[in-house]
Amino acid sequence: MDEAAAAAPAQRAPVTIEQMQELVGHAFPGGTFTIEHWENTLFTEVMQSDPLPDGLAHPAYLFHAPLAGLGLGYGDIFTLCHAESAEAIRAGEYQWEVIRPLRVGETYRMSGEITGVERKTGRRAGTMDLVSFRIDMHEAASGLHAASVVNTWIFLRSV
Amino acid sequence: MELAVGAALPQWTLESVSGERMKLLAAILRDPNPIHWDPAEVARRGLGFRAINQGPTNLGYVTNMLMSFAGPASLRRLNARFTSNVFDGDRVVAGGVITAIREQDGEQLIDCDVWLDGGDGTRAVAGTATVALDAAAQARLGHRVSAR
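From first to last, the protein sequence lines stand for chains A and B. Numbering-wise, this note's numbering puts 269 at position 1 of the first sequence, and it's gapless, one number per residue. Numbering-wise, this note's numbering puts 239 at position 134 of the second sequence, and it's gapless, one number per residue.
Printed below as a string of structure tokens:
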């Protein structure tokens with residue numbers, strides 16, 4: 269690539285709603301996540317909580333563990349959802365359902381997919397795509413369903 | 106407290122949100138977004154002048170409030186959305202109000218509206234939750250809840 273081309277701002281085609289809707293049903297690669305004692309100790313401290321009894325992990329792991337267990341970084345989701353920049357993303361709604369409390373030392377198997385895409389227009393934010401994805405957590409050893417999360421992230425569009 | 110629809114849950118208060126803990130969580134989550142550790146970047150984006158707390162931590166504060174009320178393994182459901190930012194040094198208060206008391210599969214469930222209010226009283230998190238009162242919570246609250 270020559271220097272002029274390298275210096276020019278990237279020309280990005282507008283992301284169409286049709287492109288986004290093609291993501292619905294996209295299955296994430298599965299994976300596992302183990303809640304390690306050391307990490308739960310630090311994570312619980314971040315949450316300003318006293319250590320929980322009986323080997324319980326802090327429930328805010330329901331944000332961290334599902335994504336980490338799928339092997340997905342934030343950047344992976346940004347790319348998949350055609351984020352215009354890291355600044356053009358907002359947290360939307362989070363839905364957590366807990367069937368079995370999360371425990372330190374337990375390994376969880378994750379499976380998940382994109383479940384919905386909706387395009388909206390806000391007065392201040394303009395055009396945005398609301399992308400929802402569901403991740404199910406099962407205890408790896410027992411196979412029992414532990415929790416499910418549905419996250420909705422908002423991708424702001426300049427179109 | 107009285108266990109009845111409309112009753113307020115005991116509040117959970119943090120006098121000062123910690124910027125150092127934001128940095129620690131950014132490392133744990135491998136979250137590269139500098140708004141959680143670089144006030145200059147927050148200012149550049151026109152979002153304020155102090156580091157912005159991570160959303161999961163704000164949800165964590167709400168779950169702390171629920172666990173203090175109903176027990177450490179009590180959370181059954183939480184639906185929440187973020188309505189404003191919480192900043193380094195803010196005082197935050199998590200609260201809730203009971204919207205229903207019911208029994209399901211042998212558990213006494215409490216449905217609630219929940220929230221987290223930031224430094225100037227601005228609502229930072231709004232949502233709903235369901236908790237199952239554990240035995241210790243039932244004993245502490247003085248009686249077993251009856252579904253109604």
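We put the CB at the ideal spot given by N, CA and C, even for glycine. Just so you know, these numbers come straight off a predicted model, no measurement behind them.
Practice item. Report back the beta-carbon spacing between VAL216 (chain B) and THR204 (chain B) to the nearest angstrom; my notes put them in contact at under 8 Å. Key: First, the amino acid is wrong: residue 216 (chain B) is Asp here, not Val. Right, their Cβ atoms sit about 5 Å apart.
Check your understanding: Can the beta-carbon of ARG387 (chain A) be found less than 7 Å from the beta-carbon of ILE285 (chain A)?
Key -> yes
Check your understanding: Given GLU146 (chain B), which residues of its chain have a CB within under 8 Å of its CB, disregarding the five upstream and five downstream residues?
Key -> PRO139, ILE140
**Study point:** Buried versus exposed call for THR309 (chain A) [16 or more other C-beta atoms within 10 Å across all chains shown]
**Key:** exposed
Review point. What is the residue span of the beta strand (DSSP E) that PHE192 (chain B) lies within?
Key: Neither: PHE192 (chain B) is in no beta strand (DSSP E) and is coded neither H nor E.
**Study point:** Selection of the stretch 183-197 of chain B by Cβ proximity to chain A, strictly under 9 Å
**Key:** LEU183, ASN184, ALA185, ARG186, PHE187
Review point. Ordered along the chain, which non-local residues of its own chain (more than five positions away) have a Cβ less than 6 Å from that of GLN289 (chain A)?
Key: VAL385
Point to revise | Given PHE192 (chain B) as reference, the closest of B:LEU152, B:GLN209, B:THR168 once Cα atoms are compared | key: B:LEU152
Exercise for review: Can you give me the Cβ contacts of ILE357 (chain A) inside the same chain, cut-off strictly under 8 Å, excluding the 5 residues immediately before and after it?
Suggested key: PHE346, ALA351, TRP421, ILE422, PHE423, LEU424
Check your understanding: When DSSP labels each residue in this structure, what does THR408 (chain A) get in the three-state scheme?
Key -> According to the sequence displayed, residue 408 (chain A) carries Ala and not Thr. Correct three-state label for ALA408 (chain A): coil.
Exercise for review: With 7 Å as the threshold, decide whether the Cβ of ASN169 (chain B) is near any Cβ in chain A.
Suggested key: yes
Exercise for review: Determine, using beta carbons only, whether TYR496 (chain A) comes closer than 7 Å to chain B.
Suggested key: No information on residue 496 (chain A) is available, as it lies outside the stretch 269 to 427 that chain A covers here.
Practice item. May I ask you to verify whether the stretch 231-248 of chain B touches the stretch 175-186 of chain B, counting CB pairs closer than 8 Å and requiring at least 3? Key: yes
Exercise for review: Taking C-beta pairs closer than 7 Å, name the residues in chain A that ALA178 (chain B) reaches, listed in chain order.
Suggested key: LEU324, PRO369
**Study point:** Proximal residues of chain A, C-beta to C-beta of PRO161 (chain B) below 8 Å
**Key:** ALA328, PHE331, HIS332
Practice item. Check SER400 (chain A) in the structure and name its three-state DSSP category. Key: strand
Check your understanding: Contact between the stretch 159-166 of chain B and the stretch 398-412 of chain A: three or more CB pairs below 8 Å?
Key -> no
Check your understanding: Alpha carbon to alpha carbon, how far is ILE303 (chain A) from GLU374 (chain A)?
Key -> 6 Å
Review point. Got a sec: which bits of the stretch 294-312 of chain A sit with their beta carbon under 8 Å from any beta carbon on chain B, in order along the chain?
Key: GLU307, LEU310, PHE311
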